[in-house]
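Letter 96 of the sequence shown, counting from 1, is numbered 96 in UniProt numbering, and no numbers are missing. The beta carbon of each residue, even a glycine, is placed where N, CA and C say it ideally should be. Some notes on the structure that comes next.
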Amino acid sequence: MPGPVKFKRTEREQGGAWELSFADMMTLILCFFILMVTVSEVNREQYEVVAESLGEAMGTKAPEPEAPMIPAEWRQRLKSMEDVRHEITARTRHASDALSLEMRPNAVAVNLRGAVFFELGSAELTPTALEILADIAPPLMGIPYRMTVEGHTDNIPIKSSAFPSNWELSAARASAVARYFIDHGFPRDHVQVMGLADTRPKRPNMDIHGNAIAENQAQNRRIVILVEPME
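Okay, structure coming up:
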């Protein structure tokens, strides 16, 4: 009488199926990760940490995120920051008492006097401000620049129904300037607005005896437009 039939497990049955399933799972995770990177803004440090972890698990190296593409026609119009400064200076010579320009590392800072651009306690642009902004805007349009608009005040407290403090006032004034550029064609996703109140004075608001320095306070009431090329 023949004995019981014995089946010998193949090498594939001993572990291959499990390994294949694990590999499929890791591949799906990697694909999902790449998709998320593609459709979202990449945080470089987080990307490197997660990519390294996945690379170790898969035994492969995750792809590097690609830099955003700048249209060729924009690249052709891209000017150096020094050229931008010269062009804005030439267009605003008639208003030299209302603004000043300075070079920063790979950027141009346009400093606007608050007294010329806004009435006391207001965030509405004056007619003179609109004329000056109309001269500043053309050199910046249609070119891949990033713009940061900073609102600054002096240390004199404000408390009104519209602006409970200088934080709200400085933010509203910076927003008004940024809104002008956006309404005239500057890409809104290239603009950042900051209300800094009196936290970054250009000059000391008070002397060593605690007395207000009116001239310095006037200089501290300002808007700064920082223009730099897109990375």
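Contact check for Thr153 and Arg221: beta-carbon distance about 6 Å, within the 8 Å limit, so the pair qualifies. In the three-state DSSP reduction, Asn220 falls in the helix class (H, G or I).
DSSP places Met81 inside the alpha helix (DSSP H), whose first and last residues are 81 to 91. For Ile158 against Gly121, the beta-carbon gap comes to about 6 Å, under 8 Å, which counts as contact. Here the C-alpha atom of Ala90 lies approximately 35 Å from the C-alpha atom of Ala212. Annotation for Trp167: Gly195, Ala197 place their beta carbon closer than 6 Å to its own, counting only its chain and skipping 5 residues before and after.
Assignment of Pro187 by DSSP, reduced to helix, strand and coil, places it in the coil class. For the 9 Å CB-CB criterion, Arg173 and Gly151 form a contact. With 16 or more neighbouring CB atoms inside 10 Å of its own CB, Ile136 falls in the buried class. The beta-bridge partner set that DSSP reports for Ser100 consists of Asn111.
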